[in-house]
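Chains as they are written, first to last, in our numbering: chain A, 8 to 349; chain B, 8 to 349; chain C, 8 to 349.
Don't be surprised by glycine CBs; every beta carbon is placed ideally from N, CA and C.
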Amino acid sequence: MKFTVRQIAQLIGGEVEGDDSLEIDQFYKIEEGQKGGISFLANPKYEAFIYKTGSSAVIVADSFIAKDSINSSLIKVKDPYSSFSVLLSEYEKLNKKKKVGISALAFIDPTAELSENVYIGNFSQISENSKIGEGSVIYPQVFIDENVTIGKNCILYAGVKLFADTVIGDNCTIHGGAVIGCDGFGFAPQKDGTYKNVPQTGNVILGDNISIGSNSSIDRATIGSTIIKNGAKIDNLVQVGHNVTIGKNTVIASQTGIAGSTKIGDNCSVGGQVGFAGHLEVANGTKIGAQSGINTDVVKENLTLNGTPHMEMRKHQRSLVFFRKLPELDKRISDLEKKKDN
Amino acid sequence: MKFTVRQIAQLIGGEVEGDDSLEIDQFYKIEEGQKGGISFLANPKYEAFIYKTGSSAVIVADSFIAKDSINSSLIKVKDPYSSFSVLLSEYEKLNKKKKVGISALAFIDPTAELSENVYIGNFSQISENSKIGEGSVIYPQVFIDENVTIGKNCILYAGVKLFADTVIGDNCTIHGGAVIGCDGFGFAPQKDGTYKNVPQTGNVILGDNISIGSNSSIDRATIGSTIIKNGAKIDNLVQVGHNVTIGKNTVIASQTGIAGSTKIGDNCSVGGQVGFAGHLEVANGTKIGAQSGINTDVVKENLTLNGTPHMEMRKHQRSLVFFRKLPELDKRISDLEKKKDN
Amino acid sequence: MKFTVRQIAQLIGGEVEGDDSLEIDQFYKIEEGQKGGISFLANPKYEAFIYKTGSSAVIVADSFIAKDSINSSLIKVKDPYSSFSVLLSEYEKLNKKKKVGISALAFIDPTAELSENVYIGNFSQISENSKIGEGSVIYPQVFIDENVTIGKNCILYAGVKLFADTVIGDNCTIHGGAVIGCDGFGFAPQKDGTYKNVPQTGNVILGDNISIGSNSSIDRATIGSTIIKNGAKIDNLVQVGHNVTIGKNTVIASQTGIAGSTKIGDNCSVGGQVGFAGHLEVANGTKIGAQSGINTDVVKENLTLNGTPHMEMRKHQRSLVFFRKLPELDKRISDLEKKKDN
């Protein structure tokens, strides 16, 4: 399937600079571009590649000013990454066939309710009283426990496990191996040094348009619900403890861990390998650098934080500058001490 | 099923303050309490909620003194969290039906031995010479390799994988997606820069009353055994390397990693995202703060440690205070230098 | 099966000191050695055990000089760990029976191509147009999506998921629960604060002789490929983002995370729980200490780095020395300030 540069520009509302009749049938990263391909330039770090890419066309920002000659046709748009993403979506729509049908090798409990146009893959189990919404796709080897409700147009990839009473909204994507609704980590210490298991009787509730990464673990609440709100995007290998709340459109990168009962606000952005202590409240719009450790409430909105324990990013970076110079600071103090003594 | 406040107080050995005839049929977090519900107050951080909770009853500590008027009946006990946990357990006993029976869709090797009252779910496999103890529950999609032994009254949730020769004691709970007995990470460097696989011929041994979190990985020993002792509780996404030993009643929070051959003592408590270097010995009763890095032996018992590399908690916190003030320290040195020069 | 110390010495090209007629039929860790067993001593930390081990024989380095009397026969070799590993491999060859055959309980799509001598376990799925190379072993409950290609003599343990278009070379081992080819974490921010999913249309390509640890996640590329090169060894619970490249014979320990588009060179060695920011280039031969955070390019080869953000190991360790002394530095400054004032 081929499209001209002109057709693509129309699709994404861009303006062409150069030959708009070139034919495109492939996507390339700008540094690997070849004839017949289209690439994009969003991160300035990659600008050098636009002057030597083999791609026939490159999507760039309106504001882009070339510092050298470029062989490719340019399509100028407001937000190149977003426009490229629209293009990929169109491509996917044309190429990916929708999975539908229920495998004879799946186990569907007679009390389960399957809506129309669902797909249930081989060796998957849909247990008692669970409901799968219209158009949802359940890959092979998925486990859906009792009383689980899944909305419309969700995708659950192979190996996903949803334990009892989990509720999932519409248009959610759960990646392979994610475990949702397992017991929270609750143990009451006893006098003899052993721990007694605290039953986890709550559940997990996911809103709409949520993405959960592969091999992530989201624990059910002790009582009440662990809640992830509409539009939140959670990466791979993330730990979400019992009774946690994650706000709307909050994005959490890989390997972050959130201890029990912490509430993260809306529109937050959390880097990879961040740790949150339990029972915290983190305000809307907080941005947190990778590997930070958040151990007290974040009350003010829209702060940018970094470090363990967290500080405001700028202050943390100033302290880090001097951390690197610590041997030098010691030397300066020693020099002062010596002079003093003379 | 309803119980009066009086009946509940009797069950958990507490004393009622207020109306003991109120009826309870639901658990609530104190901040979400409603009529007919019971809550508990253990963490002082949540005290404010007791003065406005809608719950009909709240379990509190003997020592609790109200600073304001409270609408709920109080049940006073020694340890509110523990008592609430007893209540949840009773509730679960009444409500959770025990799974029993062997699915026709499971694969059971003819040489496998299943004791009485076991449950084996759909699409699970019990391989050659493996044994499942009385009353154990094997959810669907569990893989049990050859020569695995599982004790009595264990629960293995969906997607658990136990590789060859693993031994599990009684009353253990293994959460979804946990992998036990996979190869340790052992590679011998060769002259040409490649690595040669070192066969991992040992196994994993778990004692009794152990909990392993979802998506955790516990590697088999190179030779001998990786050992987890009675009563240890391990959270989600934890890495336990080959030939590690974890002591009795030691609790390890999510995303912690323990490198090969390290021995952690009894009654330790380890925060989330902690890292242990290999070949260490960590004394009994050690407490370790989240995100710490332990890179030398911990010889003395009952220390509280923090930071990377670890320091005693108090010393680490003092250093952190000055880390935050580093730009200021630099300024003070500069001021001294200037005066000096005059 | 028994061998004499002499036979073992011949097998690994070592020289015997002591009785070479003793019979060996078991491997032991040096600290747990018993009669009839063989151990090795590579890490000097364990030297004390050689003077009291019960093992009949111990493999030691040529350069080893005993400081006390030893009861065991010694086999002297260049590299004890490597020689011991050779021995374990021989043992495994004799004892492990090769799995072959295709389970009637697996789902094999009619368009899939299976080479000779493959093993496909129960409840595994091989989807459309996928190919399994000669001698490869697919454990039970493995999911292989469409258009996946697997080379010769690979082992995929239970619960592995390979998503569409993944390519795997020869002699690769993928441990239980690893997810390869799931979507990268790509979302384009919209004006209203929501995020739009960026389709991930690329794939994952693994070379030959690669090991991937249990419960690790390797994301497919947005466009192009996420690439892991020949001989790389990746531990458990590791996150590899979209469009990442990992070089030849690079070793990455558990729980490390690599953000999108970062390229790690050949022969690197990365400790556990390390984080890499996205879009970085890390030079060949870089060594990185556990829990480090790499947030800028590493241009020079063969550096040893540590800390967050990373510094050269020696410099980082000097700064850490003074971090521990920060309260003391403050005191010294205060003393100077006081004297000044007098």
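Quick one: any contact between the segment 10 to 27 of chain C and the segment 331 to 348 of chain C, if contact means 3 or more CB pairs under 8 angstroms? no
Pick out whichever of B:TYR202, B:THR233, B:THR201 has its Cα sitting closest to the Cα of VAL209 (chain B). Strictly speaking, residue 209 (chain B) in this sequence is Gly, with Val absent from that position. Nearest option by C-alpha distance: B:THR233.
At least one CB of chain B closer than 7 angstroms to the CB of VAL2 (chain A): is that the case? In the structure displayed, chain A extends from 8 to 349; residue 2 (chain A) sits before or after that span and is not available.
Mapping DSSP to helix, strand and coil, what is LYS294 (chain B)? strand
Output the distance between the C-alpha atoms of ASN256 (chain B) and GLY140 (chain B), rounded to the nearest integer angstrom. 23 angstroms
Secondary structure at LEU343 (chain C), three-state DSSP: helix, strand or coil? helix
I need the straight-line Cα distance from LEU213 (chain C) to GLY188 (chain C), nearest angstrom please. 11 angstroms
Endpoints, alpha helix (DSSP H) assigned at GLU99 (chain A): 87 to 102
For GLU39 (chain C), return the contacting residues in chain B, with the cut-off set at a CB-CB distance below 7 angstroms. GLY231
Using the beta-carbon count (16 or more within 10 Å), is THR269 (chain C) buried or exposed? buried
Quick one: grab the DSSP three-state call for ASP226 (chain C). strand
Name the residues in the segment 285 to 298 of chain B whose C-beta lies less than 7 angstroms from a C-beta of chain A; which are they? ALA297, GLN298
Chain-order list of residues whose beta-carbon lies under 7 angstroms from that of ILE230 (chain B) (same chain, five-residue window excluded): THR208, GLY209
For SER62 (chain C) and ILE45 (chain C), which I take to be in contact (beta-carbon distance under 8 angstroms), what is that distance rounded to the nearest angstrom? 6 angstroms
By the DSSP assignment, the alpha helix (DSSP H) with VAL23 (chain B) in it spans what residues? Where VAL23 (chain B) is concerned, there is no enclosing alpha helix (DSSP H), although the beta strand (DSSP E) it sits in stretches over 22 to 24.
Assigned secondary structure, GLN14 (chain C) (DSSP; H/G/I helix, E/B strand, else coil): helix
Can you check whether the C-beta of TYR88 (chain A) is within less than 7 angstroms of a C-beta belonging to chain C? yes
Span separating the alpha-carbon of VAL254 (chain B) from that of PHE130 (chain A): It is worth fixing the name first, because residue 254 (chain B) is Gly in this sequence and not Val. The alpha-carbon atoms of GLY254 (chain B) and PHE130 (chain A) are separated by roughly 38 angstroms.
May I ask you to report which of helix, strand or coil DSSP gives LEU244 (chain B)? coil
Quickly, what does DSSP pair CYS161 (chain B) with across the bridge? List them, please. None; CYS161 (chain B) has no bridge partner.
Here's the rule: buried if 16 or more other CB atoms are within 10 angstroms of the residue's CB, otherwise exposed. What is GLY238 (chain A)? buried
For ASP242 (chain B), which of B:GLY248, B:VAL258, B:ALA228, B:ASP69 has the nearest alpha-carbon? B:VAL258
Keeping to the same chain, check which residues put their C-beta closer than 8 angstroms to that of VAL67 (chain A); ignore five residues upstream and five downstream. PHE47, LEU48, ILE57, LEU81, ILE82, LYS83, VAL84, PRO87
Euclidean distance between Cα positions of ARG325 (chain A) and ILE175 (chain A): 44 angstroms
Give a yes or no on whether 7 angstroms exceeds the smallest Cβ distance from GLN132 (chain A) to chain B. yes
For GLN197 (chain B), which residues from the same chain have a beta carbon less than 6 angstroms from its beta carbon, with the 5 sequence-adjacent residues on both sides left out? LYS203
Nearest to GLY296 (chain A) by CA position, among C:THR293, C:ALA185, C:ASN102, C:ILE301, is which residue? C:ILE301
Option in A:ILE217, A:GLY191, A:GLY166 with minimal Cα separation from ASN178 (chain A): A:ILE217
Chain-order list of residues whose beta-carbon lies under 7 angstroms from that of MET320 (chain C) (same chain, five-residue window excluded): GLY296, THR311, LEU312, ASN313
So, LYS138 (chain A) versus THR118 (chain A), is the Cβ gap smaller than 7 angstroms? no
Can you tell me whether ASP273 (chain C) is buried or exposed, with buried defined as 16 or more other CB within 10 angstroms of its CB? buried
Whole-Å CB distance - GLN262 (chain B) paired with GLY248 (chain B), under 8 angstroms assumed: Rounded, the Cβ-Cβ distance is 15 angstroms, inconsistent with contact.
Below 6 angstroms CB to CB, which residues in the same chain sit around LEU121 (chain C) once its five sequence neighbours on both sides are set aside? ILE139
Pop quiz: PHE330 (chain B) and PHE330 (chain A) are said to be a contact at Cβ under 8 angstroms. What is the actual Cβ separation, rounded to whole angstroms? 7 angstroms
Closest by C-alpha distance to THR315 (chain B), when choosing among B:ASN309, B:THR303, B:LYS307: B:THR303
For the beta strand (DSSP E) holding PHE194 (chain A), just list the boundary residues, first then last. 194 to 196
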